[in-house]
Amino acid sequence: MAGWRLNTVWQEGIIAGFPPSLYPWTPRAICVNLHPAPHPLCACGHHVTPDQDALLDYARRADTIAPARVWGTYNRTRDRPDDGTAKILVHAETAGIVHGRRSWEPPTTVRAARLRILAAHIPYGARHLADPIRGHYPDLEVHLYDAGGLDL
Ligand SMILES: [Zn+2]
């Protein structure tokens, strides 16, 4: 299934959770509960929804950190300090085991074991990240879009 998610981009253009272009698939999802991810009774896995409008509504309604944690491969303590980063929309294809959403997520959400990134959609306010992203992912489609005031 192809769908949408939010991802953090580091200032140098690395999309968190997506290795450079030689490795088009993400590493397998992992879980702090030490079971294979995604697990049907947990919230782990790479979260994706085919409904872009529902995802953006969810991001607007929820507090700004919660969706980023669940959707954005966002771990400021383990990966990097929260410094010079932005959220982007990522179009991605799921692979491997897929389970359904958690109750608070958009109804069409799935949780997958792996993802392949298809395109990066960068809010206009973070357009300075377009060229650094292209530098790390030369085969990736990169688009700018108007986030309608949403600070991803
Ligand atoms: Zn889990």
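Residues in the sequence shown are numbered from 1 upward in steps of one, following the working numbering. Don't be surprised by glycine CBs; every beta carbon is placed ideally from N, CA and C. Only a predicted model underlies this, so the values are computations on that prediction, with no experimental measurement involved.
Own chain partners of residue i with C-beta closer than 6 Å, once the 5 adjacent residues on each side are dropped
i            : result
alanine 126  : Ala86
methionine 1 : Thr94
proline 132  : Glu12 and Gly13
arginine 111 : Pro38, Gly45, His47 and His99
Residues near residue i in its chain [Cβ-Cβ closer than 7 Å; skip 5 each side]
i             : result
isoleucine 14 : His136
arginine 80   : The predicted position of arginine 80 is uncertain, since its pLDDT is 46 and thus under 50; no value can be drawn from it.
alanine 130   : Ile122, Val142 and Leu144
threonine 26  : Gly17, Phe18, His46, Arg114 and Leu115
histidine 128 : none
Cβ shell of residue i (< 8 Å), same chain only, five flanking positions each side left out
i             : result
tryptophan 4  : Val48, Thr49, Pro50, Asp51, Gln52, Leu55, Leu89, Val90, His91 and Ala92
threonine 108 : Gly3, Thr49, Pro50, Asp51, Ala54 and Arg101
asparagine 33 : His39, Cys42 and Cys44
Option in the options with minimal Cα separation from residue i
i             : options                         : result
glutamate 105 : Ala29, Asn33, Ala43 and Gly96   : Ala43
proline 40    : His128, Arg101 and Ala120       : Arg101
isoleucine 30 : Tyr23, Tyr124, Ile97 and Arg134 : Ile97
arginine 134  : Ala120, Tyr124 and Asp146       : Ala120
tyrosine 124  : Leu118, Leu140 and Asp146       : Asp146
The beta strand (DSSP E) enclosing residue i, as first and last residue numbers
i              : result
alanine 43     : Counting along the chain, alanine 43 falls outside any beta strand (DSSP E), and DSSP gives it neither H nor E.
isoleucine 122 : 110-123
tyrosine 145   : 141-145
glutamate 93   : 86-100
Residue range of the unbroken alpha helix (DSSP H) whose run includes residue i
i           : result
alanine 2   : Premise fails: alanine 2 lies in the beta strand (DSSP E), 2-9, not in any alpha helix (DSSP H).
alanine 130 : 130-136
How would the residue list near ligand 1 read, in chain order, if you kept each one whose beta-carbon is closer than 6 Å to any heavy atom?
-> Cys31, Asn33, His35, Ala37, His39, Cys42 and Cys44
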